[in-house]
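Respectively, the protein sequence lines represent chains C, R, G and L.
Going by this note's numbering, the first residue of the first sequence is number 93, and it counts up by one from there.
Going by this note's numbering, the first residue of the second sequence is number 93, and it counts up by one from there.
Going by this note's numbering, the first residue of the third sequence is number 93, and it counts up by one from there.
Going by this note's numbering, the first residue of the fourth sequence is number 93, and it counts up by one from there.
4 protein chains.
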Amino acid sequence: MFNSFGNILRVTTFGESHGVAIGGVIDGVPAGVEVDLEAIQNELNRRRPGQSNIVTQRKEPDQVEFLSGIFEGITTGASIGFIIRNTNQKSKDYNHNTNVYRPSHADYTYDKKYGIRDHRGGGRTSARETANWVVAGALAKQLINHISINAYTSSVGDIFLVKPYQELDFSKIENNIVRCPDETVAEEMISKIKEIRKEGDTIGGTITCVVKNLPVGIGEPIFNKLHAALGKAMLSINAVKGFEFGSGFCGAKMKGSEHNDIFNPDGTTKTNLSGGIQGGVSNGMDVYFRVAFKPVATIMQNQPTIDSAGTSTEIQGKGRHDPCVVPRAVPIVEALTALVLADFWLLNQTRRK
Amino acid sequence: MFNSFGNILRVTTFGESHGVAIGGVIDGVPAGVEVDLEAIQNELNRRRPGQSNIVTQRKEPDQVEFLSGIFEGITTGASIGFIIRNTNQKSKDYNHNTNVYRPSHADYTYDKKYGIRDHRGGGRTSARETANWVVAGALAKQLINHISINAYTSSVGDIFLVKPYQELDFSKIENNIVRCPDETVAEEMISKIKEIRKEGDTIGGTITCVVKNLPVGIGEPIFNKLHAALGKAMLSINAVKGFEFGSGFCGAKMKGSEHNDIFNPDGTTKTNLSGGIQGGVSNGMDVYFRVAFKPVATIMQNQPTIDSAGTSTEIQGKGRHDPCVVPRAVPIVEALTALVLADFWLLNQTRRK
Amino acid sequence: MFNSFGNILRVTTFGESHGVAIGGVIDGVPAGVEVDLEAIQNELNRRRPGQSNIVTQRKEPDQVEFLSGIFEGITTGASIGFIIRNTNQKSKDYNHNTNVYRPSHADYTYDKKYGIRDHRGGGRTSARETANWVVAGALAKQLINHISINAYTSSVGDIFLVKPYQELDFSKIENNIVRCPDETVAEEMISKIKEIRKEGDTIGGTITCVVKNLPVGIGEPIFNKLHAALGKAMLSINAVKGFEFGSGFCGAKMKGSEHNDIFNPDGTTKTNLSGGIQGGVSNGMDVYFRVAFKPVATIMQNQPTIDSAGTSTEIQGKGRHDPCVVPRAVPIVEALTALVLADFWLLNQTRRK
Amino acid sequence: MFNSFGNILRVTTFGESHGVAIGGVIDGVPAGVEVDLEAIQNELNRRRPGQSNIVTQRKEPDQVEFLSGIFEGITTGASIGFIIRNTNQKSKDYNHNTNVYRPSHADYTYDKKYGIRDHRGGGRTSARETANWVVAGALAKQLINHISINAYTSSVGDIFLVKPYQELDFSKIENNIVRCPDETVAEEMISKIKEIRKEGDTIGGTITCVVKNLPVGIGEPIFNKLHAALGKAMLSINAVKGFEFGSGFCGAKMKGSEHNDIFNPDGTTKTNLSGGIQGGVSNGMDVYFRVAFKPVATIMQNQPTIDSAGTSTEIQGKGRHDPCVVPRAVPIVEALTALVLADFWLLNQTRRK
């Protein structure tokens, strides 16, 4: 219940950053999907630590091993188990933090909630969990390969990619290490992150995601609206503080006469402030949304804090961490988007007699 | 599945704006809650159409009738059924729209999804559904009456209440018809809405919600993070385009050294950019978030559109609608917040041996 | 969660025997089902009290009122709310039992579980709830009207209908008040029940149910096996003590060489000890199962018992009750079977790419 | 959804008999449970192939490996991942059956449902899956170690242990290889199974399970009745054809005046035909039930059958299989019982304010 995501297509995960392995079970994948294992590993590689000099320098191969549900390269309809071994569990990096609550981490809340805490690198709260999501999402992408999903870095700190997505060439997203399809802005973002890293600090940013070729009719009314499911998915990613789709927060300043999307005779709309969704259901236009990430809480500076006894202490800036989480979060945003869409696409098979 | 909300405390609803009645089933309310029926009706009255001259002038008494699960004023642990009769179903207001798709409404998407559409006032997609949520939320408030939940209008169009919530007196929220606790700003908002209404137009806005006295430890890891559940709830409300909590989208521009909330010895934090939630679990500080509403799609102006045959036509601005949805959405935001918190509070009873 | 049944097609119910009304929400019915309201009412009439002189003489019209989800006679895909008003709540029949625990009823367990009890006729534990199931099941039958479901009384006390179902004419089930398709045995059963009623006693019995024309492939592996879902459904009916399908308990005495169903070239099997299900999935043969009902606990004899203070007392045999629950349970068995099959039939739409 | 079991305490599993590994995720275990890993492995050993000369002679170490959720011997509240490597995948035992449908197995139904079949030893339909359940159930036993759960073989073919459970000494269950607490009857059963094995045949049987020290109030009304959940669990076990609790099918022959359990002043009952459950909720008396297993479908005799092209062929009796599944199913029955009870025990924490 707590560690599961989805309705028909449901992913259930486990694992701590410094345990033996992380992994999960992907249930509800229809039989007959040809699985491209290399494509799945490629998605994991996009999320992998150590991939460039603006992300954490931890080295993890993040090799996924499938244990069931795929026979001779094709899904059988059985649940799909997988694991990713943790090979680089330098618990000693964390031993000095055993009883110390790191500011703006979940150490304190987990300790109070459960009365026990796996203090090794955040335990279950580590963003390492998102590797599981990328595996499941990469498989979901293959189920709905008629739909395209592209996420990219749209801001780092106060450096914004101001061009609307329609003017961007998504094929350039992977051309640079910050995953921004505009090369000039990408350079600025990269410089910014390097500068921040030198300061021993971290910085926030936003990711924009665009879904194309989504059929009309995807999404469920009332409590499973497509954008509500996407929002919940995005808000599940570590460090996310906000979600908006279509006109988003800007839309709250507008008038109805400006905001309404007028129909063309073929059912498309002249504008798309709705973000491709009306009444929780896709209308065939592009679905697009934006996700806000706070700066990573672990900084390479000393900070005052407390330990579990309430004693004031100081936490030292050690370990290997991301100065900006956004570049590695791009494939995570895509993966969760794919999971939501695949689930709703399956649900939609049952909606008409 | 589609019309249900919550895990342990689960609300399942039904009803169209122009059908016989709307209603639902509230399951999982513990036995032994003393029910204040008048307080529930009061919440409904806060949402009711016709309550002031800046909302729709439809008249609906919105009288809730409980059918089960409460015996001699106390919940029995049985599921609680309720209905609200529709007394003012002027379907004729809508007859002219039978085959016409209203711009930025769900007419088109529902018709394409289901192959059939209840065209009377939006059918199931009508915001009348939210009256069900207010009933359930008002009951949830009584279950967790040690926790305070206050929402208020924080912007209408480009008129913003810029004061931080800490400087506001929540007891003044109900003192004016726009539900803004700052009287000066409230006046401006009310004037704005009246002006917009005269233009036959509508306008968007935002609502801020603040939760106080929430115990530490509420919220579930990974896929049921407290803020993700709140976000999903808010994004389920008609017209909502965005959700942010704590530092929100502003946090994406900040540095870690600025954003981290430093602990006091008692476990409280000096700042609260986290918004009272770390790792998806409440930390005992105030939880606060902001919700963006687009302008209502129904305007009192003629608009070009198409009908179900794809023929171009014009839709006329008729009927009785809200120029701004925000004042009536305040109790809806509170109701859904209460449902999320009550559900998670119950779940938390099971988390330690 | 507690008062819901089904996965895709999900029924959520409420109501006490002596409250204002019972009812529920049927969610997940696909759009486009033509609803025959009269057929639904007919199913309710088959369950209705007072229908013959071998059932309880309470008079309840049991008139179902649909409140949503059906527009111009066709399901819209929206959730379907319905209520059945309680018109004959003679609470005074029960007032003498306020604090008394009736033997083999749920009075004691509910009181201990919840700390409060609606003592009017069993409250939520009353079999009146099953009227809700009959409504939902009757609608489910219309969704899967290509599948035939027939239940009948196969024993009353020690009077057994020993003929295998293949030799019975199901069109005769409704020809007699005990719902046994063999007229001779039916007469014996009816006499038995009348005799038991004169004694102020009650008697148990069994119901057999046969499903024909079920396609191959219905049922889900592991924890949603078709027979497990049917078994859970049947065990949810008040007074049920056992469930067996195919060879059932007799199969436990057999050898593999006797029990195996050998295939014909067309995939049918020469025998059907499997009961139409292999590995939890239908194989295209008839699905059949048998359900055991204990005698009704309310008897027209005085019984020693205790009250909520633990004081010994005597309960008097009053009120209007069924001497044998089986004749009225036949439509309930069919209704739950239809709900399970319709749900699994919908699920099966999602199982292949 | 399909491969998950439970509400609060939820087990999700994966794995085929001849894949790399089987395993699962146990979600919802409260924090703070001290885990006895040896006791878990002991339960697996009770289910293990090759444990005696009346079970299959396959050799599998069935060594469980926990991957998460347990830190320094104590559950952390995080989801618990585990795997059991398959070490003895003699797929070649099955290669001759690639396209052949084994009688009374799920080969045909899975092939028709999914359009693809993992033919190695039954794939996902193999009873090897039950090892996963034993792991999860063994952990659940540790969570509710105040409740005792004992299952035993109560019949093999037509050899019945006729003594009521009250006269048995459960400490003797593990004294013999058939797991029958009466030594004389156990000898008969063992001889019977050996005789059947020599014939190359298989035989059915029944298991009785008794739960003691279950508190009053466990079980949920309407659709999650305790016995319905137990029944569904038992009917999920491979080869199960029937379930009865308390008086069971015998109760269907009785009169109310015989069947009612009269209260003692302390709330216990003089008899216990109810089987410890009234209205779906435990009443503090022993819960007991009986489960019927058909004979294993794989026999060491040649049988006529068909292949996937519908061609008649013969299947040869090869491989290593159980002549009677019952002795190895005893720990499976206990494991699922523990899972149901632990789940409902957790749920019950939320039922009163």
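Backbone N, C-alpha and C fix where the C-beta goes; we use that ideal spot for every residue, glycine too.
Remember, it's a predicted structure, so these values are computed and weren't measured experimentally.
Leaving out five residues before and five after residue 97 (chain C) in sequence, what residues of the same chain have Cβ atoms less than 6 Å from its Cβ?
-> Sequence index remark: in the first sequence, residue 97 (chain C) carries index 5 (1-based). If we look at residue 97 (chain C) and ignore the five residues flanking it on each side, its Cβ neighbours are 103.
From what residue to what residue does the alpha helix (DSSP H) around residue 343 (chain C) run?
-> Taking the first residue of the first sequence as position 1, residue 343 (chain C) is located at position 251. Per DSSP, residue 343 (chain C) belongs to the alpha helix (DSSP H) from 340–343.
Tell me, which residues are paired with residue 243 (chain G) by DSSP?
-> Taking the first residue of the third sequence as position 1, residue 243 (chain G) is located at position 151. BP columns for residue 243 (chain G) point to G:301.
Nearest to residue 346 (chain C) by alpha carbon, out of R:288, R:376, R:355, R:394?
-> Taking the first sequence and counting its residues from 1, the one referred to as residue 346 (chain C) is at position 254. Minimum Cα distance to residue 346 (chain C) is reached at R:288.
Interface residues of chain R facing residue 430 (chain L) [CB-CB closer than 9 Å] | Here residue 430 (chain L) refers to the residue found at position 338 of the fourth sequence. Near residue 430 (chain L) there are no residues of chain R at all, since even the closest Cβ is about 15 Å away, more than 9 Å.
Quick one, which of R:425, R:414, R:339 has its alpha-carbon nearest residue 143 (chain R)'s?
-> One-based indexing of the second sequence puts residue 143 (chain R) at position 51. Ranking R:425, R:414, R:339 by Cα distance to residue 143 (chain R) puts R:414 first.
Within chain G, the residues that residue 440 (chain R) reaches when beta carbons sit closer than 8 Å = The sequence position of residue 440 (chain R) within the second sequence is 348, counting from 1. What residue 440 (chain R) touches in chain G: nothing, since even the nearest Cβ is about 16 Å away.
Euclidean distance between Cα positions of residue 420 (chain G) and residue 211 (chain G) | Start at 1 with the first residue of the third sequence, and residue 420 (chain G) comes out as number 328. Start at 1 with the first residue of the third sequence, and residue 211 (chain G) comes out as number 119. The alpha-carbon atoms of residue 420 (chain G) and residue 211 (chain G) are separated by roughly 24 Å.
Decide yes or no for the touch test of the segment 106–119 of chain G against the segment 374–383 of chain G: beta carbon pairs closer than 8 Å, at least 3 of them.
-> no
What residue from R:298, R:313, R:318 has the CA that sits closest to residue 306 (chain R)'s CA?
-> To locate residue 306 (chain R), count along the second sequence from 1; it is residue 214. Of the candidates R:298, R:313, R:318, the one whose C-alpha sits nearest the C-alpha of residue 306 (chain R) is R:318.
Alpha helix (DSSP H) segments (min. 4 residues) lying fully within the segment 214–275 of chain G | 222–235
Within 8 Å (strictly less), CB to CB, does residue 95 (chain G) reach chain A?
-> Reference to chain A is not applicable here, since the protein chains of this structure are C, R, G and L.
How big is the Cα-Cα spacing for residue 151 (chain R) and residue 141 (chain R)?
-> The residue given as residue 151 (chain R) occupies position 59 in the second sequence. The residue given as residue 141 (chain R) occupies position 49 in the second sequence. Distance between the alpha carbons of residue 151 (chain R) and residue 141 (chain R): 6 Å.
Of the choices G:258, G:444, G:155, whose alpha-carbon is the least far from that of residue 179 (chain G)?
-> Walking along the third sequence from the start, residue 179 (chain G) turns up at place 87. The option with the nearest alpha carbon to residue 179 (chain G) is G:155.
Would you say residue 222 (chain R) reaches chain G, if we count a Cβ-Cβ gap shorter than 8 Å as a contact?
-> As a position in the second sequence, residue 222 (chain R) is number 130, starting the count at 1. Taking Cβ atoms only, chain G never reaches closer than 8 Å to residue 222 (chain R), which makes this a no.
Output yes if chain L places a C-beta closer than 8 Å to the C-beta of residue 372 (chain R); else output no.
-> Residue mapping note: residue 372 (chain R) aligns to position 280 of the second sequence, counting from 1. Residue 372 (chain R) does not count as touching chain L.
Whose C-alpha, out of C:353, C:372, C:204, is nearest the C-alpha of residue 401 (chain C)?
-> The sequence position of residue 401 (chain C) within the first sequence is 309, counting from 1. Cα-wise, what sits closest to residue 401 (chain C) is C:204.
So, helix, strand or coil for residue 427 (chain C), using DSSP?
-> To locate residue 427 (chain C), count along the first sequence from 1; it is residue 335. Reduced to three states, the DSSP call for residue 427 (chain C) is helix.
Can you name the start and end residues of the beta strand (DSSP E) that residue 172 (chain L) belongs to?
-> Indexing the fourth sequence from 1 puts residue 172 (chain L) at position 80. Counting along the chain, the beta strand (DSSP E) containing residue 172 (chain L) begins and ends at 172–177.
Does DSSP put residue 315 (chain L) in a helix, in a strand, or in coil?
-> On the fourth sequence, position 223 is the one that residue 315 (chain L) refers to. Note: residue 315 (chain L) maps to coil in three-state DSSP.
Cβ-Cβ distance between residue 123 (chain C) and residue 230 (chain C) below 8 Å | Residue 123 (chain C) sits at position 31 when you count from the first residue of the first sequence. Residue 230 (chain C) sits at position 138 when you count from the first residue of the first sequence. Cβ distance not < 8 Å, so residue 123 (chain C) and residue 230 (chain C) don't count as in contact.
Give a yes or no on whether the minimum CB-CB distance between residue 213 (chain C) and chain G is below 8 Å.
-> In the first sequence, residue 213 (chain C) corresponds to position 121, counting from 1. No, because no Cβ of chain G sits closer than 8 Å to the Cβ of residue 213 (chain C).
Note down, in chain order, every chain G residue with its Cβ under 9 Å from the Cβ of residue 218 (chain R).
-> Position 126 of the second sequence holds residue 218 (chain R). Within 9 Å Cβ-Cβ: nothing; residue 218 (chain R) doesn't reach chain G, min ~11 Å.
Rounded to a whole number of angstroms, what is the C-alpha to C-alpha distance between residue 270 (chain R) and residue 425 (chain C)?
-> Translated into the one-based positions of the second sequence, residue 270 (chain R) becomes position 178. Translated into the one-based positions of the first sequence, residue 425 (chain C) becomes position 333. Cα to Cα, the separation comes out at about 37 Å.
Taking the alpha-carbon positions, what's the residue 165 (chain R) to residue 169 (chain L) distance?
-> Taking the second sequence and counting its residues from 1, the one referred to as residue 165 (chain R) is at position 73. Taking the fourth sequence and counting its residues from 1, the one referred to as residue 169 (chain L) is at position 77. Near 37 Å, if we compare the C-alpha coordinates of residue 169 (chain L) and residue 165 (chain R).
Along the chain, which unbroken stretches of the beta strand (DSSP E) at least 3 residues long are found entirely within the segment 358–398 of chain G?
-> 379–385
In this structure, does DSSP put residue 116 (chain G) in helix, strand or coil?
-> What you label residue 116 (chain G) is simply residue 24 of the third sequence in a count that begins at 1. Here residue 116 (chain G) sits in strand by DSSP.
Find the nearest neighbour of residue 226 (chain L) within the set L:312, L:133, L:245, L:158, judged by alpha-carbon distance.
-> The residue given as residue 226 (chain L) occupies position 134 in the fourth sequence. Nearest option by C-alpha distance: L:133.
Kindly indicate if chain G contains any beta-carbon less than 8 Å away from that of residue 101 (chain L).
-> Along the fourth sequence, one-based indexing puts residue 101 (chain L) at 9. By this cut-off, residue 101 (chain L) is not an interface position.
Decide if residue 254 (chain L) is buried, meaning its Cβ has at least 16 other Cβ atoms within 10 Å, or exposed.
-> Numbered from its first residue, the fourth sequence carries residue 254 (chain L) at position 162. Residue 254 (chain L) comes out exposed.
Would a check of beta-carbon distances place residue 49 (chain G) closer than 8 Å to chain C?
-> This structure gives no information on residue 49 (chain G), because the portion of chain G shown stretches from 93 to 445.
Alpha carbon to alpha carbon, what distance is there between residue 313 (chain C) and residue 374 (chain C)?
-> Taking the first residue of the first sequence as 1, we reach residue 374 (chain C) at position 282. Taking the first residue of the first sequence as 1, we reach residue 313 (chain C) at position 221. Straight-line Cα distance between these residues: approximately 11 Å.
For residue 263 (chain G), count neighbouring Cβ atoms within 10 angstroms of its own Cβ and tell me buried if that reaches 16, exposed if not.
-> Your numbering for residue 263 (chain G) matches position 171 in the third sequence. Its Cβ having fewer than 16 others within 10 Å, residue 263 (chain G) is exposed.
Rounded to a whole number of angstroms, what is the C-alpha to C-alpha distance between residue 220 (chain C) and residue 105 (chain C)?
-> On the first sequence, position 128 is the one that residue 220 (chain C) refers to. On the first sequence, position 13 is the one that residue 105 (chain C) refers to. The straight-line gap from Cα to Cα measures roughly 11 Å.
Would you kindly report the start and end of the unbroken beta strand (DSSP E) that includes residue 404 (chain C)?
-> In the first sequence, counting from the first residue as 1, residue 404 (chain C) sits at position 312. Element bounds for residue 404 (chain C): 404–407.
Between R:171, R:428, R:279, R:343, which lies nearest to residue 387 (chain C) when the distance is taken from Cα to Cα?
-> Taking the first sequence and counting its residues from 1, one reaches residue 387 (chain C) at position 295. Among R:171, R:428, R:279, R:343, the Cα nearest to that of residue 387 (chain C) is on R:343.
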